[in-house]
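Chains as they are written, first to last, in my numbering: chain A, 14 to 349; chain B, 149 to 497.
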């Protein structure tokens, strides 16, 4: 960070200024003039929190995608299908057993198993053939999407969170001050906050595992030079299968999360595939911190866009992508 | 370098018209006389649609086969041209449609499409390989959502209906025979244009850029300019296809430029084969046949007509899994194996 500040003093200044303005907007009680100009603070804060929690969901989906791509150069355009599959599995588990928490491990294991099948049967046969992988996984996603439509129908499914997580939670953000001087605090759905915290934990754990453990060291070595690593006796294919299973499992978990705060329906697979594409393009391929940054940016852009300029919300997301590509084609945190 | 030792090819003294193989003549004659016996449905729906989808897929084949850039935004360019014709020309939504005459609308729509595609291409060529696919997919999705949400210009979810071709020379160009010849003409024009461009200096340089961008850059060719120009040329083909598509269904809506059609174009081009411009038309013909008759086949198998995507997806999967070059690749493999002597494994003479 210090090196970045030394190399780009102007950018650092701009980023610091933007962060300060954002912090002031979040914590300060807004003066009347500002409320007249851009609407009430409650709307702003809600959009902000929705954006951040949506970013958490995008991060869960995109981090699996970026992990698989970054480590194995495997292009898995069936990632959205894995997400949707996780959502359906989560719905059935939560609905039939009544335990919401049980949906997560089951979705992780089942979707992870699908990931293993994909890696063993598809990707291992076409290592290094980008285009063929893309085409085959597009084919797989078409087939899987139709099979899921066949199996689960076109209905919307919603996974209900348990009692202790439903309902709003008081936060310490002041949205307004009443005429008698009493501050009004913002309320926010508990489940979203918990899920966001969980995705932060997952992200940090992933970063630590990659950078501080032996397995992580092997994975990073495999990215740099696969042949040399296997020559030292490491069982590289096993590592790859493991990473693929983990990335796919994350997509499955994300499906359960998505089913809890939004709905699960046909077509969501493509939406989340696109979201993860945009997130990793913005953040930088193969970088976990990049996926986190990209997911936050895109989540915030989508929510603020839909509140403040509803017609052009998509265009805002797209503009971010275009700007990043134009000035930094490798992504914000990408190498090279 | 290798070519130096090779003896110069014998001069072919025949006229150019004599060098065309007999199979081509047969194909031309068949295509020209089809309207004399085919039904209106076959002409308008099957062949018209084949030529249109083939033309749009041809633009992808040009980019992918000669430029090495697989773009999923070709349907977006086609849809953009269709939208421009609907917005600038006449449609049932007369609050938005300008109703300008066709000789302004069509060239203007194509020019705008080319400009749009050039901008997209300039953005997309900053990336390579798989990234190109991703960014063009993202652009296609953004355009789809934009047209669906924007009511001022693109009329949102409904889109435009009653977008009809002009009554030129007193012919109703949506009549089955007229539309058949119209689409056949443009498909053939696109096919020969791609063949010509591929052998022109620009096409050769583009293929050089595909094979080795660094060497081409060292030779003094602008890699970026060639790639962006390829997008512009491909968008012209896609734009013509898009206008014809809009006329065929007489409407344009966000559904035309959704993700599924964009992927369908990729499926068509890849299944047909990206090596030769005839590939997309073969792929389109198969796709249209499947789309038209698969329901009957599925019902006969007792599966229900809505499993169409399963059939398409499985077919696509099998083809890309076993033959990355599509049906053209399968054909070449078959020919090579028939020419090989099974005992010695050498080519037969």
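The beta-carbon is built from N, C-alpha and C at its ideal position, and this holds for glycine as well.
Quick caveat: nothing in here was measured; it's all calculated off a predicted structure.
Span separating the alpha-carbon of residue i from that of residue j
i             : j             : result
residue 378/B : residue 291/A : 25 Å
residue 486/B : residue 477/B : 14 Å
residue 276/B : residue 216/B : 9 Å
residue 271/B : residue 360/B : 20 Å
residue 455/B : residue 160/A : 8 Å
residue 101/A : residue 336/A : 36 Å
residue 151/B : residue 174/B : Unreliable positioning characterises residue 151/B in this predicted model, as indicated by a pLDDT of 47, which lies under 50. The coordinate reading is nonetheless provided below. Rounded to the nearest angstrom, the two C-alpha atoms are 35 Å apart.
residue 249/A : residue 143/A : 20 Å
residue 445/B : residue 462/B : 15 Å
residue 156/A : residue 458/B : 5 Å
residue 29/A  : residue 38/A  : 14 Å
residue 294/B : residue 321/A : 16 Å
residue 346/B : residue 337/B : 14 Å
residue 168/A : residue 279/A : 8 Å
residue 104/A : residue 134/A : 28 Å
Residues near residue i by beta carbon distance below 7 Å, same chain, minus five either side
i             : result
residue 9/A   : Absent from the model: residue 9/A. The displayed extent of chain A is 14 to 349, so no value can be given.
residue 418/B : 468, 474
residue 201/A : 62, 181, 182, 184
Beta-carbon proximity check, residue i vs residue j, cutoff 8 Å
i             : j             : result
residue 230/B : residue 391/B : yes
residue 129/A : residue 331/A : no
residue 192/B : residue 324/B : yes
residue 307/B : residue 401/B : yes
residue 293/A : residue 32/A  : no
residue 79/A  : residue 281/B : no
residue 395/B : residue 311/B : yes
residue 181/B : residue 273/B : no
residue 21/A  : residue 264/A : no
residue 96/A  : residue 268/A : yes
residue 285/B : residue 257/B : no
residue 431/B : residue 416/B : yes
residue 266/A : residue 295/A : no
residue 273/A : residue 204/A : yes
residue 338/A : residue 314/A : no
residue 316/A : residue 64/A  : yes
As assigned by DSSP and simplified to three states, the class of residue i
i             : result
residue 200/A : strand
residue 323/A : helix
residue 259/B : helix
residue 488/B : strand
residue 343/A : coil
residue 181/A : strand
residue 309/B : strand
residue 337/A : helix
residue 275/A : coil
residue 150/B : Low confidence applies to residue 150/B: its pLDDT is 46, below 50, so where it sits in the model is not reliable enough to give any reading.
residue 170/A : strand
residue 396/B : helix
residue 321/B : coil
residue 167/B : coil
residue 302/B : coil
residue 97/A  : helix
residue 241/B : coil
residue 298/A : coil
residue 180/B : helix
residue 406/B : coil
residue 348/B : coil
residue 128/A : helix
residue 224/A : helix
residue 372/B : helix
residue 140/A : coil
residue 217/B : coil
residue 176/A : helix
Contact set for residue i: own chain, Cβ-Cβ below 6 Å, skip 5 residues either direction
i             : result
residue 115/A : 106
residue 409/B : 223
residue 480/B : none
Nonlocal neighbours in the same chain, by C-beta distance under 8 Å from residue i, ignoring five residues either side
i             : result
residue 334/B : 199, 203, 388, 389, 392
residue 149/B : The pLDDT assigned to residue 149/B is 44, lower than 50, so where the model puts this residue is not dependable, and the model offers no usable value.
The region 50 to 65 of chain A touching the region 275 to 294 of chain A, judged by at least three CB pairs closer than 8 Å: no
At least 3 beta-carbon pairs within less than 8 Å: the region 418 to 435 of chain B vs the region 198 to 213 of chain B: yes
Inter-stretch contact at 8 Å, needing at least 3 Cβ pairs: the region 240 to 260 of chain A / the region 119 to 135 of chain A: Because the criterion of three Cβ pairs below 8 Å is met, the region 240 to 260 of chain A and the region 119 to 135 of chain A touch.
Segment contact flag, the region 139 to 156 of chain A with the region 78 to 98 of chain A, C-beta cutoff 8 Å, min 3 pairs: yes
Segment contact flag, the region 178 to 189 of chain B with the region 240 to 258 of chain B, C-beta cutoff 8 Å, min 3 pairs: no
Stretch-stretch touch, CB-based, cutoff 8 Å, three pairs: the region 293 to 304 of chain A with the region 166 to 175 of chain A: With the cut-off at 8 Å, the region 293 to 304 of chain A and the region 166 to 175 of chain A do not touch.
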